[in-house]
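The structure under discussion appears below in the form of structure tokens.
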Amino acid sequence: MSKMHVKFTLNGQEVEGLAEPRTLLIHFLRENLRVTGPHIGCDTSHCGACTVDMDGRSVKSCTVFVAQANGADVTTVEGLVNADGSLGVIQEMFREHHGLQCGYCTPGMITRAHRLLQENPTPTEEEVRFGIAGNLCRCTGYQNIVKAIMAAADQLNAQKEAAE
Amino acid sequence: MIPAGFEYHRPADLASAISLLTTHGDEARVIAGGHSLIPMMKLRMADVGHLVDLQSIETMRGVRIDGDTVTIGALTTQHELITHAELARRLPILRECALLIADPQVRYCGTLGGNVANGDPGNDMPGLMQCLDATYTVEGPDGARQIKARDFYESAYFTARGDEEILTAVSISLPAPGTGYAYEKQKRKIGDYATAACAVIVGGGTASVAMTNLADTPIWAEDAGTALASGDLDGAVAAALAAIDPQEDMRGPIAFKRHVAGVVIRRAMQRATDRAKG
Chain Z
1 MSKMHVKFTL NGQEVEGLAE PRTLLIHFLR ENLRVTGPHI GCDTSHCGAC
51 TVDMDGRSVK SCTVFVAQAN GADVTTVEGL VNADGSLGVI QEMFREHHGL
101 QCGYCTPGMI TRAHRLLQEN PTPTEEEVRF GIAGNLCRCT GYQNIVKAIM
151 AAADQLNAQK EAAE
Chain U
1 MIPAGFEYHR PADLASAISL LTTHGDEARV IAGGHSLIPM MKLRMADVGH
51 LVDLQSIETM RGVRIDGDTV TIGALTTQHE LITHAELARR LPILRECALL
101 IADPQVRYCG TLGGNVANGD PGNDMPGLMQ CLDATYTVEG PDGARQIKAR
151 DFYESAYFTA RGDEEILTAV SISLPAPGTG YAYEKQKRKI GDYATAACAV
201 IVGGGTASVA MTNLADTPIW AEDAGTALAS GDLDGAVAAA LAAIDPQEDM
251 RGPIAFKRHV AGVVIRRAMQ RATDRAKG
């Protein structure tokens, strides 16, 4: 099968390359672009470790062909840092509240939390749990992940208020 | 897991998509959200020579409410159904059902059209569409035609849609305000298909009952609706149970599925009845 030219926006920068259409987005990100934040966990659309943000939606990049992403706007955990390269608010809160142990699910969790908080800036704990139901963590029991996301919501809202 | 190679097409309009299906015949498959098809391709259980991506066909997107009818473009995602305020008000059972499908990431991609067209007995929307007596529009080289959801499903993955046709929209007559409704689903975990699920609407002297994943097609149980409309809950549950034909699989043996179905059907009927006003 012939390769196709793909071009999309990744973390605010235009990227491009040649790939077979059957290449999964996760493989293109990790192997062609060497963007290794998104992880391959289950490879069967269940675990959410490969979650990236695509055109304002959280998607599992193991279940998207790079051909489908052609022209899209993609954000990975690498794109959620502050402009100066320091940890973004959600990332910082995961560190602060010990929202990770082995860290394998963390990039997917943080990328998902980012979209969740964009859509619902003041979630209840129940809404956070429902919102991250597509991301599995085998270490933490989720308690501190939920705490970290709730804390990130508070901090982001405080920042927004201060800016107004 | 990496699927076998294929040619990728992204037609800009419906006519081009249909023309690709006509040209490539059996080798072509359309893809919308892809969360049923891509896993099957990765397992190499689906063999696709030409993948026709529908994402650029804007005419197949969106929700239009016109009087008492809602028409939903096939590419409308479960997430868009859940977050559509007017739809949530006028047809709350659709939101209740969509929230029980898979997980957030899958609902951002998964579409109503894909869910109803695929013919997977585990999909939730076909049963709901039969409960609501929805109409599907399919379009092919010979033009458009309408098929009732209740006539669409032949057996698992076999439907009344022709190979060169694309399901483009779903139309539903909105139930009268105050109609009771419930979509009840038992699943082993988030992301799983139903062990048993049941859609019920009741009100204005009528009722409709349909079930998911309890046969190789969705099951609309007319007798159960008649019994429920007359207030005979036990009779309605019995009639619904008489209409199903569950098979043993990893979700359990037949006796267990019948037991779960009985519980789920009763809960759905009870909740719908409790919610009915007037």
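Chains Z and U, in that order, are what the protein sequence lines are. Start counting the first sequence at 1; every next residue gets the next number (full-length UniProt numbering). Start counting the second sequence at 1; every next residue gets the next number (full-length UniProt numbering). Idealized CB from N, CA, C, for every residue including glycine.
Residues near residue i by beta carbon distance below 7 Å, same chain, minus five either side
i         : result
Leu99(U)  : Ile82
Lys114(Z) : The sequence shown places His at residue 114(Z), not Lys. The answer, listed in chain order, is Asp53, Leu80 and Ile90.
Val63(U)  : Val70, Ile72, Thr76, His84 and Leu87
Start and end residues, beta strand (DSSP E) containing residue i
i         : result
Asp73(Z)  : Asp73 to Thr75
Asp53(U)  : His50 to Asp53
Tyr181(U) : Gly180 to Lys187
Ile65(U)  : Val63 to Asp66
Leu87(U)  : Run containing Leu87(U): none in the beta strand (DSSP E); it sits in the alpha helix (DSSP H), Ala85 to Arg90.
Anticipated Cβ contact below 8 Å, residue i with residue j, distance rounded
i              : j         : result
Pro3(U)        : Met41(U)  : 4 Å
Ser58(Z)       : Thr51(Z)  : 5 Å
Pro121(Z)      : Leu156(Z) : 7 Å
Val202(U)      : Leu228(U) : 6 Å
Ala239(U)      : Asp223(U) : 4 Å
Thr140(Z)      : Leu100(Z) : 7 Å
residue 310(U) : Ala176(U) : Look at the range of chain U in this structure, 1 to 278, and you will see that residue 310(U) is not part of it.
Sequence-distant residues of its chain with Cβ nearer than 8 Å to residue i (five each side left out)
i              : result
Pro21(Z)       : Met1, Met4, Phe65, Val66 and Ala67
Glu58(U)       : none
residue 282(U) : Outside the shown range of chain U, which is 1 to 278, sits residue 282(U), and nothing can be said about it.
Leu20(U)       : His9, Pro11, Ala28, His50 and Val52
residue 237(Z) : In the structure as shown, chain Z starts at 1 and stops at 164, and residue 237(Z) therefore has no counterpart that could be examined.
Beta-carbon proximity list for residue i, same chain, < 6 Å, skipping 5 on both sides
i         : result
Cys47(Z)  : Gly41 and Leu136
Asp73(Z)  : Thr9 and Asp55
Pro246(U) : Leu214, Ile254 and Lys257
Spatial distance of residue i from residue j (CA atoms)
i         : j         : result
Glu119(Z) : Gly191(U) : 21 Å
Thr22(U)  : Cys131(U) : 33 Å
Ala169(U) : Ala85(U)  : 20 Å
Leu18(Z)  : Glu164(U) : 31 Å
Thr77(U)  : Gly113(U) : 8 Å
Cys105(Z) : Leu33(Z)  : 20 Å
Phe158(U) : Arg267(U) : 30 Å
Lys13(U)  : Gly140(U) : Going by the sequence as given, residue 13(U) is Asp instead of Lys. In a straight line, the C-alpha of Asp13(U) is about 13 Å away from that of Gly140(U).
His27(Z)  : Arg129(Z) : 28 Å
Ala153(Z) : Gly127(U) : 38 Å
Arg44(U)  : Gly5(U)   : 10 Å
Asp66(U)  : Lys147(Z) : 44 Å
Gly103(Z) : Leu167(U) : 42 Å
Ser16(U)  : Val6(Z)   : 22 Å
Element boundaries [alpha helix (DSSP H), containing residue i]
i              : result
His5(Z)        : Careful: His5(Z) lies outside any alpha helix (DSSP H), inside the beta strand (DSSP E) at Met4 to Leu10.
Leu174(U)      : Counting along the chain, Leu174(U) falls outside any alpha helix (DSSP H), and DSSP gives it neither H nor E.
Cys109(U)      : Pro104 to Cys109
His9(U)        : Not the alpha helix (DSSP H): His9(U) falls in the beta strand (DSSP E), residues Glu7 to His9.
Lys147(Z)      : Gln143 to Ala163
residue 305(U) : Limits of chain U in this structure are 1 at one end and 278 at the other, which puts residue 305(U) out of reach.
Item to check | Contact residues within the stretch 47-62 of chain Z, judged by C-beta distance below 7 Å to chain U | outcome: Within the stretch 47-62 of chain Z, the qualifying residues are Gly48, Thr51, Arg57, Ser58, Val59 and Lys60.
Next on the checklist: Output needed in chain order: residues of the stretch 51-62 of chain U with a Cβ under 8 Å from some Cβ in chain Z.
Outcome noted: Leu51, Asp53 and Gln55
Item to check | Residues of the stretch 102-113 of chain U whose Cβ lies closer than 9 Å to any Cβ of chain Z, in chain order | outcome: Ala102, Asp103, Pro104, Gln105, Val106, Arg107, Tyr108 and Cys109
Next on the checklist: Along the stretch 125-156 of chain Z, where does the CB come closer than 7 Å to a CB of chain U? Name the residues.
Outcome noted: Gly131, Ala133 and Gly134
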